[in-house]
Every structure is written in structure tokens, then in C-alpha cells.
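Asks: Residue 1 is where the sequence shown starts when you use UniProt numbering, and the numbers rise one by one after that.
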Amino acid sequence: MNPALGKFILARTPSYILHPTPTMNTGMPLNTGAEIPALGLGTWQSAPGEVKASVAHAIAAGYRHIDCAFCYQNEEEVGAGLAEAFKTGVRREELFITTKLWCTYHTRVEEALDLSLKALGLEYVDLYLVHWPIPMNPKGNHPLFPKHPDGSRDLDTSTTHIDTWKSMEALLSTKKVRAIGVANYSVPYLEELLPHTRITPAVNQIENHPYLPQQEIVDFCKGKGIHVTAYSPFGSTGSPMMKEEGVLEVAKKHSVQPGTVLLSYHTARGSSVLAKSVTPSRIDANRKLIYLDDSDMAKLENISKQKGLTRFVYPAFGVNLGFPDKQ
Ligand SMILES: NC(=O)c1ccc[n+]([C@@H]2O[C@H](COP(=O)([O-])OP(=O)(O)OC[C@H]3O[C@@H](n4cnc5c(N)ncnc54)[C@H](OP(=O)(O)O)[C@@H]3O)[C@@H](O)[C@H]2O)c1
Numbered sequence: 001m002n003p004a005l006g007k008f009i010l011a012r013t014p015s016y017i018l019h020p021t022p023t024m025n026t027g028m029p030l031n032t033g034a035e036i037p038a039l040g041l042g043t044w045q046s047a048p049g050e051v052k053a054s055v056a057h058a059i060a061a062g063y064r065h066i067d068c069a070f071c072y073q074n075e076e077e078v079g080a081g082l083a084e085a086f087k088t089g090v091r092r093e094e095l096f097i098t099t100k101l102w103c104t105y106h107t108r109v110e111e112a113l114d115l116s117l118k119a120l121g122l123e124y125v126d127l128y129l130v131h132w133p134i135p136m137n138p139k140g141n142h143p144l145f146p147k148h149p150d151g152s153r154d155l156d157t158s159t160t161h162i163d164t165w166k167s168m169e170a171l172l173s174t175k176k177v178r179a180i181g182v183a184n185y186s187v188p189y190l191e192e193l194l195p196h197t198r199i200t201p202a203v204n205q206i207e208n209h210p211y212l213p214q215q216e217i218v219d220f221c222k223g224k225g226i227h228v229t230a231y232s233p234f235g236s237t238g239s240p241m242m243k244e245e246g247v248l249e250v251a252k253k254h255s256v257q258p259g260t261v262l263l264s265y266h267t268a269r270g271s272s273v274l275a276k277s278v279t280p281s282r283i284d285a286n287r288k289l290i291y292l293d294d295s296d297m298a299k300l301e302n303i304s305k306q307k308g309l310t311r312f313v314y315p316a317f318g319v320n321l322g323f324p325d326k327q
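1) Taking three-plus beta-carbon pairs below 8 Å as touching, is the stretch 247-257 in contact with the stretch 266-280?
2) Following a CB-centred definition, is residue 234 positioned closer than 8 Å to any heavy atom of ligand 1?
3) Measure how close the beta-carbons of residue 329 and residue 30 come, nearest whole angstrom, since I'm counting them as under 8 Å.
4) In three-state terms, what does DSSP make of residue 153?
5) Classify residue 277 as buried or exposed, calling it buried when 16 or more other Cβ atoms lie within 10 Å of its own Cβ.
6) Tell me which residues share the same chain as residue 280 and place their Cβ nearer than 7 Å to its Cβ, disregarding the 5 neighbours each side in the sequence.
7) Among 195, 274, 247, whose alpha-carbon lies nearest the alpha-carbon of residue 229?
8) Using a Cβ-Cβ cutoff of less than 8 Å, which residues in the same chain neighbour residue 40 once the five nearest sequence positions on both sides are dropped?
9) List in chain order: all unbroken beta strand (DSSP E) runs of 3+ residues lying wholly within the stretch 105-183.
10) Under 8 Å: does the beta carbon of residue 282 sit that close to some heavy atom of ligand 1?
11) Under the assumption that residue 170 contacts residue 34 (Cβ atoms under 8 Å), give the Cβ distance between them as a whole number of angstroms.
12) Please work out which residues of its chain come closer than 6 Å, Cβ to Cβ, to residue 125, disregarding the five sequence neighbours upstream and downstream, and give them in chain order.
13) Quick check on this structure: which residue in 71, 111, 127 has the alpha carbon closest to the alpha carbon of residue 93?
14) Check residue 189 in the structure and name its three-state DSSP category.
15) Cβ of residue 242 versus every heavy atom of ligand 1: is any distance shorter than 8 Å?
16) Please classify residue 12: does DSSP put it in a helix, a strand, or coil?
17) Relative to the C-alpha of residue 26, which residue among 32, 20, 37 is closest?
18) Confirm the yes/no value for this check: CB of residue 209, any heavy atom of ligand 1, distance under 8 Å.
19) How would you label residue 70, buried or exposed, when you count the other beta carbons within 10 angstroms and need 16 or more for buried?
20) In angstroms with no decimal places, state the Cα-to-Cα distance between residue 220 and residue 158.
21) Can you tell me the Cα-Cα spacing of residue 199 and residue 154, whole angstroms?
22) According to DSSP, is residue 43 part of a helix, a strand, or is it coil?
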């Protein structure tokens, strides 16, 4: 096309076409051909007595993506929330449900999936993730977090995360999972895994927010066709990120809440995002996403450049997970 004509057309194209505002259920493409809704409800640390109501409220409020995990020990209650939503006429196929394989089940992958499906009351999940690339002793002194007598983590060194992935791949033929993926995979771990895969992970779910942009993982995944889902977008419970100056400036410019900026930061990067809340008014508020322009993103990117790496959520495994020390 004539470059002058291209410029002419661009100048007259309405901004809402060039920069469509993401919505909570904008479908983000996965390498399976399916789509993952841009916003999911997180359920980590959603206590018994709270999580059923929060799941039911979120679905009634329009959420279609729910993030779960065996390790959160609340899947039965999440399932009760889902059942309540189904009673109101929501159909299973309208929802995108993710759950995760816990570390003590790396050698019992289908057994773990079946436990989650039973608790959730589902016949399949849309996405099953390896929660961490770290197998732990399935016969240790605790079913979820086994430790040696000296307090160090009791890892299962008889197997590797590559073996785990092969068991994940085998799940696809059972029809109990629509897609498989990983979580908490650094670039070195992905580089180790990918040459051994028959099926590329559909998703890498990672901690991600302006304190921890993980740009190298986001770029690497983009290059390999792996969708990134961001967790702990508010920095998790108790984080000061909502009060961060750069976040407040962008929020003021767009006349929105800081939370809207922190969620929209991910959709601007092409990632989906998980926001946890058990508070109905916050579940409602978190539905809002906006378009952030380059100057907004530069402001948000500046936060980690000024502060350096800050990591909140990572548990101590006693192994090098391959994440960089400084960003
Ligand atoms: N793959 C993994 O290893 C992994 C690890 C961590 C998290 N995740 C997933 O990602 C989800 C989200 O991460 P997260 O739970 O760590 O933390 P988060 O979503 O960053 O933050 C949750 C905290 O923010 C509060 N909050 C929510 N909306 C708010 C709003 N609009 N204004 C003010 N405060 C608000 C919540 O309080 P209330 O609930 O009291 O309203 C809660 O204390 C998890 O729930 C889980 O599903 C995955």
C-alpha cells in the first residue's frame, strides 16, 4: 500500500478500533485454538465459609474464568459455588476453569486431577497446570508440604518435572482436561522442558505485577506461543502496591481505581490476569479494565526499575527456581 494512503487511513481510524478496550471476558488466544477470558477470579487464601459465596457472586457478576488449585484446600467449596451458578442457568461450557497439580502428586498426575474434579464437581477442567516444577516426596511427613527432620523441604529426586510433563500430556486423551500448562516456570526451566515436549504448554501462570514485571519470561513465552497468566496482580494480600505513586498517577489520569490500573497492566501486555477477592464490592470493581497507552505503561514499568526486584509469594523450596535476582 502507498505509505501516504496508509497514514491517511490510520489518522482517520477511530481510536476505539485501533485500541479496543479490553473487557473482563475478552478471549485471549491459546495455542490449543481455545480462548482464555482476560480476567479470572483467584481463590488462593479464600477461606472456608467465604469462597463458595465469592465464586457464586463472581459468576453472577459476569466472571467466566475461575482459578483453583488442589493445594488451596478449598476446591470442594469452590465446587459448591460453581453448583450454585449452574442452578441459575449458567452452563459449564460458558466457564473457563483452571486447576493445578500439587508438588506431592507429580508421580500421580491423573489421581490428583481426579481428586480436583471430584471436589469441584466437574467432568473436565479447561486448563490443568503443573503448579511448580518441583516434585516433592509423596510419602513424606505431610501430604502437601513434607519436610526433612532438619526442616528442609523433602523433595522427590527420583523424578523430574520433565517426567511430570509427559504425564500431563497423557491426560489430554482422557478428555478430562482441555489444555495443559505450567505455573512458576522461569526461562531456564522452560528451556529445559521444551525440547522434551510433544505438546507445548498452553499457559505459564506466573507472579506478575509492576514490582515484578518478569519481562524476560513474558517475552520468552510470547516467542514460544505460550500464553502468560499473571497472578498476584495487587502484590497479594497486604501489598503496598495500590498506594504506589506511579499507579496512583495513572489511576488519576483515567479517573479509575488503582486496582483497575494494576489489572489493565496485564491485558496491555497480552496476558490474562487473576484477581482474588472474597468481598462482593471488590469482585464487582475488579471487573473493570481499561486501555493503557505507552506513557501509562512506561510509568508502571518505571516502578520496578526504581525499586528493583520484590518478590512476595514464592515459597521456600530450597532449590534455585531459575528466576533472576534483579530485574
Ligand atoms: N500459580 C501460583 O503459584 C499462584 C500463586 C499465587 C496466586 N495464584 C492465583 O492468583 C490469584 C490472585 O493472587 P493473590 O491471591 O496472591 O493476590 P491478589 O489478587 O494480588 O490480591 C488479593 C488481595 O487483594 C485484596 N483485593 C482484591 N481486590 C481488591 C480491590 N479492588 N481493592 C483493594 N483490595 C483488593 C483481597 O482482599 P479480599 O479478598 O479481602 O477482598 C486480597 O487481600 C490467587 O488467588 C490464585 O488463584 C497462583
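Beta carbons are placed, not taken as given, at the ideal position from N, Cα and C, and that holds for glycine. Since we're looking at a predicted model, the values are computed, not measured.
Replies: Looking at the coordinates:
1) Result no; under three Cβ-Cβ pairs closer than 8 Å.
2) yes
3) Nothing about residue 329 can be reported from this structure: the residues present for the chain run from 1 to 327 only.
4) strand
5) That one is buried.
6) Counting only Cβ-Cβ distances below 7 Å, and skipping sequence neighbours, we find 57.
7) 274
8) 63, 65, 66, 67, 96, 98, 229, 272, 273, 274, 275
9) Counting whole runs of 3 or more residues, the stretch 105-183 contains the beta strand (DSSP E) stretches 127-130, 180-183.
10) yes
11) In fact, because the Cβ distance is near 19 Å, the residues do not count as touching under 8 Å.
12) Excluding sequence positions up to five before and after residue 125, its CB lies within less than 6 Å of the CB of 97, 99, 177, all in the same chain and listed in chain order.
13) 127
14) helix
15) The answer is yes for residue 242.
16) If DSSP states are grouped into helix, strand and coil, residue 12 belongs with the helices.
17) 37
18) yes
19) Here residue 70 is buried. Its C-beta has 16 or more other C-beta atoms within 10 Å.
20) 29 Å
21) 29 Å
22) Residue 43: coil per DSSP, three-state reduction.
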